[in-house]
Structures are given as structure tokens and as C-alpha cells.
Amino acid sequence: MSHPASHPVSGTPPVSLQRLVLPETPVGPLTLVASALGIREIRFGLPSGPDAGVAGPGAGTTPGSTPGPGSGSGAGPGPHLEAARRCLDWALAGPQGDGDPPPGLPPLDLDGHTAFRLDVWDALLRIPRGEVMTYGDIAGALGRGSPRAVGQAVGANPIPVLVPCHRVVAGDGRLGGFSGGLERKVTLLELEGLHPSGARFEARLDGPEHLELDLG
């Protein structure tokens, strides 16, 4: 299986990183980080610590990096960040998106991650909007790895929302963990038309409508 989100890392020189801050979304502020290859991270919250060198809702380079095309003071975000913003605007607009067809996913730069993690994240991208699967479902579809190992890979996903780790729940129906906290996970699921109830998620995890993932 090919990994559109992965790239070789051996001998790769340090790359310029650009950042875009979305200060107001239904799940709070989001900070997007991109290289020339694609989106590298989506972080919940505003930049802090070393990242605070570039402030505000615009784009810029990370401290210590070399400015790339389209970066710097007063410059707009690069094409990967713009594409990611369009995807997020659509995804966070509600169950039917913003009324238009979903925009294409921008390139993802996931250099340096293991093949197993890339396979798990590829599986996440195949879960349809408004559906959920369990960690065990994904392990079974992959044909390797335990639900626990899948859970660790899901938890390590650096690009939440675009790579929809919020669509994975525990086998007993509990929501499971989420890097942005359970409140954000509930919000993301509700935006897709699903309705978690309390600490347990009343999802279609059993029965004829149970979703099976085809990774062939």
C-alpha cells in the first residue's frame, strides 16, 4: 500500500516551516504547521513557548527557520495551508459541510513516522464522515497490531480533524481518548451528525449497519 502522506527522510535537509493560526473554530483555536511537502501538524490552541514568535491569525515561519515562498510578515499562507483551511472550514461547518462538495485533502508531510503508524492513519482517512470504528476494527482491517497498538498510533496522529482520529472509539462504546480532549471529540462527532451520550457513545458498533473497512 502506498502512503501519499509519507516521504523519505534519509539525507533530507532541514525544511522551512510555515504556520497558520485559526483563532476561532467550533473546537477552539487551531494552529496549522506546514512544510513545502504538505501539512505536518494541527495543534489545538494558540501557539505558545518557542512557537509564540509568530503571533496572530496570519502565516509565518517558525522561529529559527528559513523563510520560504509566501512566508514572512504580511505574506499570506502557502497553498498547503490554504487548502487545509478550506478543508477545515468545510469539516467544521456541520453535518453537511458548508453545502458544497468537500474540498480535496492537502498533501500531508509525515516524514519520520513508522510504517505501522502510517497504515493506521491511512485507515483513518478511509472512515467515512459521520461513521465510527473501534480500535479493534482497524487492527482487524490491517491484519496486524493489537487494538492497544492501534490506539497508540491513533493517539500519536499529528494532524487531527483532517486525519479523523475522532472517528475511532473503544470496543465497548466508550469514546476513548483524544489528543484535544473528550469535549472536542464530542463536538467533532456532533458536527458530523453523531450524538455521543455522556461517557458512552451510542454508535452503530454492532448489527447490520456496523461499518467494515476495506483496505484492499
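Going by our numbering, the sequence shown opens with residue 171, and the numbers climb by one from there.
Each residue gets a CB set at the ideal place from its N, CA and C atoms; glycine is no exception.
Proximity winner among the options, relative to residue i (alpha-carbon distances)
| i | options | result |
| --- | --- | --- |
| Asp279 | Leu258, His250, Gly351 | His250 |
| Gly325 | Phe348, Leu332, Ala285, Arg213 | Phe348 |
Exposure label - residue i; buried when at least 16 CB within 10 Å
| i | result |
| --- | --- |
| Arg318 | exposed |
| Asn327 | buried |
| Ala225 | Interpretation of Ala225 is limited by its pLDDT of 33, a score under 50 that renders its predicted location unreliable; no figure is taken from the coordinates. |
| Gly313 | exposed |
| Ser218 | exposed |
| Thr182 | Residue placement at Thr182 is poorly supported in this model, since its pLDDT is 49, which falls under 50; the coordinates still yield a value, given next. Classification of Thr182: exposed, given that the 10 Å Cβ count is below 16. |
| Arg337 | buried |
| Leu295 | exposed |
| Ala285 | exposed |
| Gly208 | buried |
Close Cβ partners of residue i (< 7 Å) along its chain, the five nearest in sequence each way excluded
| i | result |
| --- | --- |
| Pro366 | Leu345, Val356, Leu359 |
| Glu362 | Pro265, Arg299, Gly300 |
Contacts around residue i, its chain only, beta-carbon distance under 6 Å, and the 5 residues preceding and following it disregarded
| i | result |
| --- | --- |
| Ala253 | Pro276 |
| Arg213 | Thr201 |
| Gly242 | Because the pLDDT of Gly242 is 40, which lies under 50, any placement of that residue in the model is unreliable, and the number read from its coordinates should be weighed accordingly. Counting only Cβ-Cβ distances below 6 Å, and skipping sequence neighbours, we find nothing. |
| Glu211 | Val203, Pro328 |
Cβ neighbours of residue i in the same chain (closer than 8 Å, five flanking residues each side left out)
| i | result |
| --- | --- |
| Asp270 | Trp260 |
| Arg255 | Leu190, Leu192, Leu202, Pro247 |
Beta-bridge pairing of residue i - partner residues as DSSP gives them
| i | result |
| --- | --- |
| Phe214 | Leu200 |
| Ile209 | Ala204, Leu278 |
| Thr304 | Val339 |
| Val191 | Thr201 |
Proximity test, residue i beta-carbon vs the ligand FMN heavy atom, cut-off 7 Å
| i | result |
| --- | --- |
| Cys335 | Of ligands this structure carries none, so the ligand FMN is not represented either. |
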